[in-house]
Amino acid sequence: MMQGWLRADGRKGIRNTVVVAYLVECAHFVASEIVAGFRGRDVQLIGFPGCFPNEYAARMMERLCTHPNVGAVLFVSLGCESFDKVRASNAVEASGRPVKTLVIQKAGGTRATVKAGQDWVEGALAEIATAVRVPMAASDLVIGTVCGGSDGTSGISGNPAAGRAFDLLVSEGAACIFEETGELIGCEEIMASRALTPELGQLLRDSVQKAERYYATLGYGSFAAGNAAGGLSTIEEKSLGAYVKSGDSPISGIIKPGDLPPRGGLYLMDVVPDGEVRFGFPNISDNAEIVEMIASGAHLTLFVTGRGSVVGSAISPVVKICAN
């Protein structure tokens, strides 16, 4: 049995990191300079680039900063952006973590903010070093899986290996999440047959059919030039390859990005927005998909690639599985 860091909400983390989060692109450089002073230590950078966040962005930031792998949070604000820094800070404070917000326009500019930020992070590292470590079982884990840079070997090697790992983890009580509903087109009936209830089976069908309608409206789907060059022939072949990442366990439910699995079991993350098509392609990048996994509590993500991918993440480890 491994050891984890116990958080106020009862969850346990496999990391104990300080997160420095910029709340607008204008604060990115200052936040990066703060983190640069802690190379080799568990201080990591995340952020939101836009000046006008929506509810999705606010929710992602709150979920990331209250993830069980996070011990303390420093927000870096320019001062005139629209991100609700008070709401974000209150969410972290309510979770029992040390939190601080620095506003560059009030702190005296770049150098003063970097100095103040590094001083606070140094103190936060000392404070969270005293956090309680407790036994942690597989049933305390949330594990995600994503595939990217897929080729003809992904569906016959790497993805089935991830699926087998999921079966073992679910059998021990872990919560496991697979996603990419746009890459499961054609697999809805197979998934529905694995649902715990007929009602869930219909929801699984609906989620994939929604993705199909979404892509039809956009005029393109989740099939890249590299997929074809790597030996994938059709979206159906790619879908079947992506599907086997889920293993063979019964499907317990559907969640949206930022939702926490209510208990152990296997969950599909529905990444396609509800309502009319207005947000563009939902699977922006492998990195964005990993962020959504982390926002839903994933302690680590199994990332399967055939052609090769160098993606990683802050907060939670990414375990690479090479299919080719």
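Reminder that position 112 of the sequence shown reads as 1304 in the numbering used here, one-by-one numbering, no gaps.
Even for Gly, the Cβ is constructed at its ideal location relative to N, Cα and C.
Residue i, DSSP secondary structure in three states
i	result
S1269	strand
G1239	strand
F1370	strand
K1437	helix
G1489	coil
G1467	coil
K1277	helix
S1444	strand
L1460	strand
L1452	coil
A1506	coil
A1264	strand
L1432	helix
L1198	strand
G1393	helix
A1205	It is worth fixing the name first, because residue 1205 is Gly in this sequence and not Ala. Of the three classes helix, strand and coil, the one that applies to G1205 here is strand, per DSSP.
Residue i - containing beta strand (DSSP E), residue span
i	result
T1493	1492 to 1497
L1388	Taken as a continuous stretch (DSSP letters only), L1388 belongs to no beta strand (DSSP E), as it is neither H nor E.
Y1412	Element bounds for Y1412: n/a, residue is neither H nor E.
L1294	1291 to 1295
C1514	1510 to 1514
Span of the alpha helix (DSSP H), counted from its first residue to its last, around residue i
i	result
R1325	Per DSSP, R1325 belongs to no alpha helix (DSSP H); it is in the beta strand (DSSP E), 1325 to 1328.
I1226	1220 to 1228
M1253	1247 to 1257
G1350	1350 to 1363
V1216	Here V1216 belongs to no alpha helix (DSSP H), and DSSP marks it neither H nor E.
Same chain, Cβ closer than 7 Å to residue i, five either side skipped, listed in chain order
i	result
P1327	M1193, Q1195
A1200	S1287, G1288
S1224	L1237
S1144	Within the shown structure, residues of the chain are numbered from 1193 to 1516, placing residue 1144 beyond reach of any answer.
S1441	F1358, D1359, V1362, L1458
L1452	S1488, G1489
N1208	W1197, D1234, G1263, I1320, A1323
A1353	I1513
G1413	G1374, Y1407, I1427
S1444	L1388, G1457, L1458, Y1459
A1308	L1294, A1299
Residues of its chain near residue i, where Cβ-Cβ distance is below 6 Å and the 5 sequence neighbours each way are ignored
i	result
A1264	V1210, R1289, P1290, A1316, I1320
C1379	S1431, Y1435
G1393	A1384, A1387
G1433	S1346, G1347, N1351
S1505	I1482
P1509	L1492
E1428	G1378
A1249	F1240
Same chain only: Cβ atoms within 8 Å of residue i, ignoring 5 sequence neighbours per side
i	result
V1464	T1373, G1374, S1399, K1402, A1403, Y1406, P1474
H1259	G1205, I1486, A1487, G1489, I1507, S1508
Is the region 1452 to 1467 touching the region 1337 to 1347, taking contact as three or more C-beta pairs under 8 Å?
no
Measuring CB atoms only, is the region 1226 to 1246 touching the region 1282 to 1289, in the sense that at least three cross pairs come out at less than 8 Å?
Two segments are said to touch when three or more pairs of C-beta atoms, one from each, lie closer than 8 Å; by this definition the region 1226 to 1246 does not touch the region 1282 to 1289.
Below 8 Å, how does it come out for the region 1496 to 1510 and the region 1405 to 1412: are there three or more Cβ pairs, yes or no?
Cβ pair count under 8 Å is below three, so no.
Ignoring anything shorter than 3 residues or poking outside the region 1297 to 1339, list the beta strand (DSSP E) runs there in chain order.
1325 to 1328, 1334 to 1339
Under 8 Å: do the region 1251 to 1262 and the region 1293 to 1304 share three or more Cβ pairs, one atom per stretch?
Here the region 1251 to 1262 does not lie against the region 1293 to 1304, with fewer than 3 beta-carbon pairs under 8 Å apart.
Report yes or no: do three or more beta-carbon pairs, one from the region 1498 to 1513 and one from the region 1265 to 1274, lie closer than 8 Å?
Result no; under three Cβ-Cβ pairs closer than 8 Å.
I want to know whether the region 1209 to 1223 touches the region 1238 to 1251 - three or more CB-CB distances under 8 Å.
yes
Given 8 Å as the limit, is there contact between the region 1478 to 1495 and the region 1357 to 1375, that is, 3 or more CB pairs closer than that?
yes
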